[in-house]
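Undergrad:
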Amino acid sequence: MLTPANPVHKYLRMDRIPHIWCSGCGLGTAVNCFVRAVEASGFPLDTISVVSGIGCTGRVAGYLKVDSFHTTHGRAIPFATGLKLANPNLKVIVFSGDGDLFSIGGNHFIHAARRNADITVICINNFTYGMTGGQITPTTPTDAIAATAPYGHIEEPFNLPSLAESTGAVYVARWTSFHVRQLMKSMKEAIQKTGFSFIEIVSPCPTLYGRRNRLGDGLEMMKYYRENSVIKNGADTRELGMVFNGKIICGKFVDRERPSFLDAYNAKMTERLGPSYQPYKGIL
Ligand code: SF4
Numbered sequence: 011m012l013t014p015a016n017p018v019h020k021y022l023r024m025d026r027i028p029h030i031w032c033s034g035c036g037l038g039t040a041v042n043c044f045v046r047a048v049e050a051s052g053f054p055l056d057t058i059s060v061v062s063g064i065g066c067t068g069r070v071a072g073y074l075k076v077d078s079f080h081t082t083h084g085r086a087i088p089f090a091t092g093l094k095l096a097n098p099n100l101k102v103i104v105f106s107g108d109g110d111l112f113s114i115g116g117n118h119f120i121h122a123a124r125r126n127a128d129i130t131v132i133c134i135n136n137f138t139y140g141m142t143g144g145q146i147t148p149t150t151p152t153d154a155i156a157a158t159a160p161y162g163h164i165e166e167p168f169n170l171p172s173l174a175e176s177t178g179a180v181y182v183a184r185w186t187s188f189h190v191r192q193l194m195k196s197m198k199e200a201i202q203k204t205g206f207s208f209i210e211i212v213s214p215c216p217t218l219y220g221r222r223n224r225l226g227d228g229l230e231m232m233k234y235y236r237e238n239s240v241i242k243n244g245a246d247t248r249e250l251g252m253v254f255n256g257k258i259i260c261g262k263f264v265d266r267e268r269p270s271f272l273d274a275y276n277a278k279m280t281e282r283l284g285p286s287y288q289p290y291k292g293i294l
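Just so you know, we're using the numbering used here here: the sequence shown kicks off at 11 and counts up by one.
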């Protein structure tokens, strides 16, 4: 009997498989949810573009069979913004990690949200720099152990949903890699949304973060997510900060409307220059 083809294979560059990710890593689950969300969104594949930064999550762009860009460290969002402005017909999705997006890339994140750049940002938050050996990132919880904090981290981490909402994102959600159905739904909504949409995915890095903090293997970390996640759609994002080994509040928190950067630009130019102004539609 013939085995049916795996429905996600057509979205992957199978010549790049096997991937480099560790056993138990949450990245494969996130990619699986993403390709199913893309399929459900109804956008043709030639209108989807994925941009990654550097790190374990940065490899996502290389595995997806769409126009994709594995860019420089922390700069995925400016690449994505430029791509969207050059060709506004594209759906541009940034797929990157907490270290890349919120450390060296933090400045880009807040300004893209403030401008309401019409892109989706998906952050795999595993609380560590995986590819370079497990250093602290801007989301590592206080007291967690890391390569650069062997006696326990002393800083306060970013609360990513609150940061995204307060800087202007029009769609904000957080799920763990255990919540695959909710995550797929959120990804689909975020892709279909006009404006800056943001999804945080709390995801296991058993090799570095999990091992150092005695959280067990990938399966045990997923059990932890199942037992310690609380779904609170519409929760006040100011109350979503995460503490080490604490509860993880998940849900869709923000879904609002405001003009995207390009819509606001064209409206302003029409107001100032009159009906003779031809709205900007890209250069490609
Ligand atoms: Fe995943 Fe961590 Fe391995 Fe990187 S080091 S592939 S984040 S488990």
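The C-beta atom is built at its ideal place from N, Cα and C for all residues, glycine as well. This structure is a prediction, so every number in the text was calculated from the model and none was measured.
Distance, Cα to Cα, I27 vs C35?
TA: About 15 Å.
Undergrad: Could you tell me which residues DSSP pairs with T130 in its beta bridges?
TA: In the DSSP output, where bridge partners are listed per residue, T130 has I103 and S207.
Undergrad: For ligand 1, is there a heavy atom less than 8 Å away from the beta-carbon of P54?
TA: The answer is no for P54.
Undergrad: Determine, using beta carbons only, whether A90 and I129 come nearer to each other than 9 Å.
TA: Contact: yes.
Undergrad: Rounded to whole angstroms, what is the Cα-Cα separation between L173 and P14?
TA: Approximately 43 Å between the Cα atoms of the pair.
Undergrad: When the Cβ atoms of the stretch 160-173 are set against those of the stretch 240-260, are three or more pairs found closer than 8 Å?
TA: Because the criterion of three Cβ pairs below 8 Å is met, the stretch 160-173 and the stretch 240-260 touch.
Undergrad: Tell me the DSSP bridge mates of F79?
TA: V61.
Undergrad: From G143, K20 and S286, pick the residue whose C-alpha is nearest to that of L218; which is it?
TA: Comparing Cα-Cα distances from L218 to each of G143, K20 and S286, the minimum goes to G143.
Undergrad: Is the CB-CB distance between I259 and R191 below 9 Å?
TA: Going by C-beta atoms, I259 is not nearer than 9 Å to R191.
Undergrad: Where does D153 fall in DSSP's three states?
TA: Note: D153 maps to coil in three-state DSSP.
Undergrad: What does the Cβ neighbour count give for P17, buried or exposed, with the cut at 16 atoms within 10 Å?
TA: Classification for P17: exposed.
Undergrad: Could you check what DSSP says for K195 in three-state terms: helix, strand or coil?
TA: Three-state DSSP puts K195 in a helix.
Undergrad: Leaving out five residues on either side along the sequence, give the residues of the same chain with a beta carbon under 7 Å from the beta carbon of A40.
TA: Only I134, S187, I211 and S213 meet the Cβ criterion.
Undergrad: Please state the DSSP three-state secondary structure of V264.
TA: Correct three-state label for V264: strand.
Undergrad: Looking at the unbroken alpha helix (DSSP H) that takes in R248, where does it start and where does it end?
TA: Taken as a continuous stretch (DSSP letters only), R248 belongs to no alpha helix (DSSP H), as it is neither H nor E.
Undergrad: What is the rounded straight-line gap between the Cα of P160 and the Cα of P98?
TA: The straight-line gap from Cα to Cα measures roughly 46 Å.
Undergrad: Can you tell me whether G261 sits near ligand 1, meaning its C-beta is under 8 Å from at least one heavy atom of the ligand?
TA: Every heavy atom of ligand 1 is 8 Å or more from the Cβ of G261, so no.
Undergrad: Report yes if the CB atom of L100 is closer than 9 Å to the CB atom of V131, and no otherwise.
TA: Taking 9 Å as the Cβ cut-off, L100 and V131 do not qualify as a contacting pair.
Undergrad: Apply the 10 Å Cβ neighbour rule to D246 and answer buried if 16 or more other Cβ atoms are within range, or exposed otherwise.
TA: D246 comes out exposed.
Undergrad: Check each candidate in N42, A96 and A50 and name the one with the smallest Cα separation from Y73.
TA: Answer by Cα proximity: N42.
Undergrad: Measure how close the beta-carbons of V180 and G205 come, nearest whole angstrom, since I'm counting them as under 8 Å.
TA: Correct: roughly 4 Å between the Cβ atoms.
Undergrad: Starting from R184, follow its DSSP beta bridges and name the residues at the other end.
TA: Paired residues: E210 and G261.
Undergrad: From which residue to which residue does the beta strand (DSSP E) around V240 run?
TA: Start and end: S239 to I241.
Undergrad: Is there at least one non-hydrogen atom of ligand 3 closer than 8 Å to the beta-carbon of N135?
TA: Of the ligands this structure carries, namely ligand 1, none is ligand 3.
Undergrad: Of the residues I103, W31, A50 and T82, which one's Cα is nearest the Cα of S59?
TA: Taking only the C-alpha atoms, the option nearest S59 is I103.
Undergrad: Can you give me the C-alpha to C-alpha distance between L193 and T149, rounded to a whole angstrom?
TA: Computed Cα separation, rounded: 20 Å.
Undergrad: Leaving aside the five residues before and after A71 along the sequence, list all residues of the same chain whose C-beta is less than 7 Å from its C-beta, in chain order.
TA: Excluding sequence neighbours, A71 sits near V60, V61, S62, S78, F79, H80 and F105.
Undergrad: By the 10 Å Cβ neighbour count, where 16 or more other Cβ atoms means buried, how is P289 classified, buried or exposed?
TA: Counting Cβ neighbours within 10 Å, P289 comes out exposed, since fewer than 16 surround it.
Undergrad: Let me know the secondary structure DSSP gives A294 once reduced to three states.
TA: As written in the sequence, residue 294 is Leu, which differs from the Ala given in the question. Residue state, collapsed to three classes: coil.
Undergrad: In chain order, what residues of the same chain lie with their CB nearer than 6 Å to the CB of M141, ignoring the 5 residues before and after it?
TA: Excluding positions up to five away in sequence, the list reads G65 and C66.
Undergrad: From what residue to what residue does the alpha helix (DSSP H) around I114 run?
TA: I114 -> no alpha helix (DSSP H), and no H or E assigned at all.
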